[in-house]
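Notes for the one structure printed next.
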Amino acid sequence: MDLEKLLTDRLAPAFEKVAGLPVDPVVRRSQRADFQSDAALALARRLGRPPRSIAAEVLDRAELGDLCAVAEVSGPGFLNLTVADRALGGLVAALATDPRLGVPVAAEPETVVVDYSGPNVAKEMHVGHLRSTVIGDAAARLLAWLGHRVVRANHLGDWGTPFGMLIEHLADLGEAEAAQELSMGDLDAFYKAARAKFDADEAFRERSRQRVVALQGGDEATLRLWRLLVEQSERYFLAVYELLDVTLTARDFQGESSYNDLLAPVVADLDRAGLLRESDGAACVFPPGFAGRDGEPLPLIVRKSDGGYGYPATDLAAIRHRTGSLGATRLLYVVGLPQRRHFELVYAAAAQAGWLVPPARAEHVGFGSILGPDGRMLRSRSGESVKLVALLEEAVARATALARERNPDLGEAEAAEVGRAVGIGAIKYADLSSDRHKDYVLDWERMLSLDGNTAPYLQYAYSRIRSIFRRAGTAARPDAAVSLVEPAERALAIELLGFSGVVAEVARSLDFHQLAAYLYRLAAAFSAFYERCPVLRAGGELRESRLLLCDLTARVLRQGLYLLGIRTPERL
Ligand code: ARG
Numbered sequence: 004m005d006l007e008k009l010l011t012d013r014l015a016p017a018f019e020k021v022a023g024l025p026v027d028p029v030v031r032r033s034q035r036a037d038f039q040s041d042a043a044l045a046l047a048r049r050l051g052r053p054p055r056s057i058a059a060e061v062l063d064r065a066e067l068g069d070l071c072a073v074a075e076v077s078g079p080g081f082l083n084l085t086v087a088d089r090a091l092g093g094l095v096a097a098l099a100t101d102p103r104l105g106v107p108v109a110a111e112p113e114t115v116v117v118d119y120s121g122p123n124v125a126k127e128m129h130v131g132h133l134r135s136t137v138i139g140d141a142a143a144r145l146l147a148w149l150g151h152r153v154v155r156a157n158h159l160g161d162w163g164t165p166f167g168m169l170i171e172h173l174a175d176l177g178e179a180e181a182a183q184e185l186s187m188g189d190l191d192a193f194y195k196a197a198r199a200k201f202d203a204d205e206a207f208r209e210r211s212r213q214r215v216v217a218l219q220g221g222d223e224a225t226l227r228l229w230r231l232l233v234e235q236s237e238r239y240f241l242a243v244y245e246l247l248d249v250t251l252t253a254r255d256f257q258g259e260s261s262y263n264d265l266l267a268p269v270v271a272d273l274d275r276a277g278l279l280r281e282s283d284g285a286a287c288v289f290p291p292g293f294a295g296r297d298g299e300p301l302p303l304i305v306r307k308s309d310g311g312y313g314y315p316a317t318d319l320a321a322i323r324h325r326t327g328s329l330g331a332t333r334l335l336y337v338v339g340l341p342q343r344r345h346f347e348l349v350y351a352a353a354a355q356a357g358w359l360v361p362p363a364r365a366e367h368v369g370f371g372s373i374l375g376p377d378g379r380m381l382r383s384r385s386g387e388s389v390k391l392v393a394l395l396e397e398a399v400a401r402a403t404a405l406a407r408e409r410n411p412d413l414g415e416a417e418a419a420e421v422g423r424a425v426g427i428g429a430i431k432y433a434d435l436s437s438d439r440h441k442d443y444v445l446d447w448e449r450m451l452s453l454d455g456n457t458a459p460y461l462q463y464a465y466s467r468i469r470s471i472f473r474r475a476g477t478a479a480r481p482d483a484a485v486s487l488v489e490p491a492e493r494a495l496a497i498e499l500l501g502f503s504g505v506v507a508e509v510a511r512s513l514d515f516h517q518l519a520a521y522l523y524r525l526a527a528a529f530s531a532f533y534e535r536c537p538v539l540r541a542g543g544e545l546r547e548s549r550l551l552l553c554d555l556t557a558r559v560l561r562q563g564l565y566l567l568g569i570r571t572p573e574r575l
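What the sequence shown shows, in this note's numbering, is residues 4 to 575, in sequence order.
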């Protein structure tokens, strides 16, 4: 059980009695004691009383005897709380026997759709898709572990006007040749060749336009070529997912085209609800509260003037399907921040149409860009956007080389496995450990470093604990009595008890850097503990107790990294 929560639950009723209204005690870790509450300070003005006297009265009324060794008023009116060693030991012992490490299954499981990755057919995945894939996969793992029904929705861009030129280019190349190019993963070359012809050749442009019409009209021969493009691209994306070690499978593709049959009913529903207005020949919804720079209301175009449907219509259909047919109540959209406005308009229109009403709600899990060392958008040497696979392969190659260097005894297969776990882990962790709302700089040296807030550091901490057990020749006894003697030991125990609180918070905010920061703190606390407290050289009960702390730390690190999608090899 999370200590902050435990102390909050004890203090809250006392505060309420003193203040005559519900008060959040705001319990935080502190330098002075284990924990501190500063709520009395905030109440002083409201109650017209000195904060110290409020704090003293709260202490009088709070039941803390079994939990705290010291509970005192300090400074202008802080409450300083020091947890009793016995209580701490008891809580850690309980944690050790809990397979869920103190994290409860959600009391009210819900259906959550995580819309993530969403690459585009016949186009290379770029680094923006990397962020979406990595953050979305962490969200899916976390919410599933909490007992929610998670639907992974890979909103593949598999429809729209570019398919006219793509299909024509495919037909020009011949199916065999095109399949060959696409399966090599050279999607960009294919796309660019099509684009170049489109720009240069009027006849090709005209053929492309007719293809779009044939595609939308359901022409069988055209659909077959289109499917070929989609299948080849899906196969390629699945290979990237495999390399990236994410949980997306072939079953999770839910492309834009899968909503085609729902588009006309969506527009009909909007019309019936009186929400459609015509603007320049297009059918639009104008959700209230959205204005452009000129102050004019912003339209969401659901049917273009040529009768076609675009991105907004598909997203409306997707919402209607997700809440209506899948019964989802939480819709997550893990998409870059530049699309924020699009989603706000879509959510607002869906709410007006009655497809997104409480308890159902949608959240844009936005993120910034990945920057190159020069602080600009990441580009390859030739100035093009960086191929995701190239990035991943480089990470694995660098990590494998480092693993060999550090540990020359590593066999070929093991070096490759470690290199993969560390390289991919480093890429994912660099992403997840930075505040997703901000841009971050891709820095190979830093992300592969064994020091600092990195995946290799945490993986190393894990493998070091596992090596303790290899040397001990035994596992930890989960029912060992826990005795906490040294300050470093207490500090580690307090960190271990903090896991459930962080997980609960991140399940709400989806700010995974908070989980990363927690794991880093935990590993650092372990390191300090291991430096000061002999484990294998300790005798009897103390040794058992310390082995249990080691084991718990390894389990929390492993589970925490699993939630971030990062592997924990037994040895590095
Ligand atoms: N294909 C889009 C892109 O590459 C991302 C799709 C995001 N999901 C959605 N439901 N619109 O930008």
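Where is the CB? At the ideal position from N, CA and C, for every residue including glycine. Since this is a predicted model, take the numbers as computed values, not measurements.
Which class does residue i belong to by DSSP, given the choice of helix, strand or coil?
i           : result
residue 165 : helix
residue 300 : strand
residue 309 : coil
residue 563 : helix
residue 409 : helix
residue 251 : coil
residue 373 : strand
residue 453 : coil
residue 486 : coil
residue 293 : coil
residue 103 : coil
residue 26  : coil
residue 382 : strand
residue 137 : helix
Quick one: Cα of residue i to Cα of residue j, how far?
i           : j           : result
residue 286 : residue 438 : 38 Å
residue 273 : residue 211 : 32 Å
residue 139 : residue 16  : 39 Å
residue 115 : residue 555 : 30 Å
residue 111 : residue 305 : 35 Å
residue 571 : residue 420 : 11 Å
residue 393 : residue 135 : 17 Å
residue 67  : residue 24  : 21 Å
residue 217 : residue 169 : 13 Å
residue 119 : residue 319 : 16 Å
residue 230 : residue 144 : 30 Å
residue 382 : residue 121 : 21 Å
residue 250 : residue 154 : 11 Å
residue 62  : residue 148 : 38 Å
residue 516 : residue 141 : 11 Å
Please confirm whether residue i and residue j have their CB atoms less than 8 Å apart.
i           : j           : result
residue 469 : residue 365 : no
residue 402 : residue 451 : yes
residue 53  : residue 44  : no
residue 472 : residue 464 : no
residue 562 : residue 104 : yes
residue 568 : residue 243 : no
residue 532 : residue 545 : no
residue 518 : residue 443 : no
residue 26  : residue 64  : no
residue 348 : residue 290 : yes
residue 493 : residue 487 : yes
residue 18  : residue 42  : yes
Which residues mark the beginning and the end of the beta strand (DSSP E) in which residue i is found?
i           : result
residue 336 : 333-336
residue 151 : Element bounds for residue 151: n/a, residue is neither H nor E.
residue 118 : 114-118
residue 193 : Run containing residue 193: none in the beta strand (DSSP E); it sits in the alpha helix (DSSP H), 190-203.
residue 227 : No beta strand (DSSP E) holds residue 227; the alpha helix (DSSP H) holding it covers 223-247.
residue 32  : 30-32
residue 576 : Residue 576 lies beyond the stretch modelled for the chain, which goes from 4 to 575, so this question has no answer here.
residue 425 : Taken as a continuous stretch (DSSP letters only), residue 425 belongs to no beta strand (DSSP E), being part of the alpha helix (DSSP H) at 415-435.
residue 288 : 285-288
For the alpha helix (DSSP H) that contains residue i, what are its first and last residues?
i           : result
residue 18  : 6-22
residue 48  : 42-50
residue 326 : 314-327
residue 367 : It is not in any alpha helix (DSSP H) - residue 367 instead sits in the beta strand (DSSP E) that spans 364-367.
residue 77  : Run containing residue 77: none in the alpha helix (DSSP H); it sits in the beta strand (DSSP E), 71-77.
residue 280 : From DSSP, residue 280 is part of no alpha helix (DSSP H) but of the beta strand (DSSP E) over 279-282.
residue 578 : Residue 578 lies beyond the stretch modelled for the chain, which goes from 4 to 575, so this question has no answer here.
residue 351 : 343-356
residue 462 : 458-475
residue 502 : 502-512
Closest Cβ-Cβ distance between residue i and chain B: below 8 Å?
i          : result
residue 74 : The chain labelled as chain B is not found in the depicted structure, where only one protein chain is given.
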